[in-house]
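Colleague: One structure coming up, written as structure tokens, with questions to follow.
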Amino acid sequence: MSVLAWIVLASFVGGAISVCAAALFGMAVNLQRIPMLISYSVGALLGAALLGVLPQAIEEVGSVELATSLLLAGILGFFLLEKLVLWRHCHEVSCEAHDPAELAQHAGHDNAHHNHAALTHHDHGHGRNGDGARAASLILIGDAFHNFVDGVLIAAAFSQSIPLGIVTATAIVAHEIPQEVGDYLVLLHSGMSRMRALAFNLLSSMATLVGAVGAYFALSLVSGAVPYLLCIAAASMIYVAVADLIPGLHKRAEIGATIQQVLLISLGVGSIVLIHHFVDGFARH
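Our numbering applies: residue 1 is where the sequence shown begins, and numbers increase by one.
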């Protein structure tokens, strides 16, 4: 096969394998347990961002100050993006961005109970999980950035040699699986069906193919943007974990739930660390 054919095959198959592996895990999980497993997603996202993506970005950028500045700009950018999502969905008075107590006060004492019931119905209907829905949108955007970068790395490796390309693609798939599991759980938590979450994850994974093919034809131009895209990808993971997922964990303050959350967050981080060690050992051999 030609180098381009290897690149296309590795990018497409690699992305599909990681997404389908995550979906198989998600399908084996009872939907009732998804909110509990969001703690795992927090650990996987923070582990991938702070132990994998960001250190690589700092190394390739060559400046801690520049890399962390880009990270900060990315976090601010995702904050503004989330605001745009909120503004778009806040045309109704019962939008989650409005204070229910303030709405009840303006409606009058006699209508307070009615407004509370309407808001409760809205939370379980159109906006049943606003935090999760916004997190899902940001996850897909950040994942597309990350997958695009993976595609560039695959193309660069295959351009050096076919064996190096195969090793690189295998390493990328191994790195992606625990993160994709976390992403898939976030999509399910947002209210998506299993099949819809799988479809969106597969669509996001196609950014790997776009990055790989684009890098093949313009490697010097595209590869130069890789370190900066890595900073944006890390920013998306950190923002979603800290701004959208962790606040939901605080709604369960009892000691048993807290211990469970800490253990699952640790499991998420640990899975990233173990995969890193496995891939590094595989690459050396």
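Idealized CB from N, CA, C, for every residue including glycine.
Pick helix, strand or coil for E254, following the three-state DSSP scheme.
Modeller: Of the three classes helix, strand and coil, the one that applies to E254 here is coil, per DSSP.
Colleague: G62 lies in the alpha helix (DSSP H); which residues open and close that run?
Modeller: Premise fails: G62 is in no alpha helix (DSSP H) and is neither H nor E.
Colleague: For a test of the three-state rule: what should DSSP assign to G211, helix, strand or coil?
Modeller: It is helical.
Colleague: Flag this pair as yes or no: are the beta carbons of S41 and G268 separated by less than 9 angstroms?
Modeller: A contact, by the Cβ cut-off of 9 angstroms.
Colleague: State the Cα-Cα distance for the pair T68 and C231, rounded to the nearest angstrom.
Modeller: Rounded to the nearest angstrom, the two C-alpha atoms are 8 angstroms apart.
Colleague: Using only CA atoms, which one of Y228, L263, I259 and L274 lies nearest to E65?
Modeller: Cα-wise, what sits closest to E65 is Y228.
Colleague: Compare the C-alpha of L50 against each of G26, M237 and A243 and name the closest.
Modeller: Comparing Cα positions, the closest option is M237.
Colleague: Would you check if there are 3 or more beta carbon pairs closer than 8 angstroms linking the stretch 237–254 to the stretch 21–29?
Modeller: Verdict: no, contact absent.
Colleague: Candidates G151, I166, L70 and L203: which alpha carbon is nearest I139's?
Modeller: When only C-alpha atoms are compared, the closest one is L203.
Colleague: How do the stretch 56–65 and the stretch 200–215 stand: do at least 3 beta-carbon pairs fall below 8 angstroms, yes or no?
Modeller: Contact between the stretch 56–65 and the stretch 200–215 is absent, because fewer than three Cβ pairs lie under 8 angstroms.
Colleague: Please name the residue, chosen from V29, M36 and G52, that lies closest to H276 on a Cα-to-Cα basis.
Modeller: Out of V29, M36 and G52, G52 has the C-alpha closest to the C-alpha of H276.
Colleague: In terms of alpha-carbon separation, which member of D183, M1, V149 and S266 lies closest to G224?
Modeller: Per the Cα distances, V149.
Colleague: Between which two residues does the alpha helix (DSSP H) containing A5 stretch?
Modeller: Counting along the chain, the alpha helix (DSSP H) containing A5 begins and ends at V3 to M27.
Colleague: DSSP state of S41, grouped into three classes?
Modeller: The answer is helix: DSSP assigns S41 an H, G or I state.
Colleague: Can you tell me which of D143, D183, T208 and M27 puts its alpha carbon nearest to the alpha carbon of A156?
Modeller: Among D143, D183, T208 and M27, the Cα nearest to that of A156 is on T208.
Colleague: Taking the alpha-carbon positions, what's the T258 to I34 distance?
Modeller: If I take the Cα positions, the gap works out to 16 angstroms.
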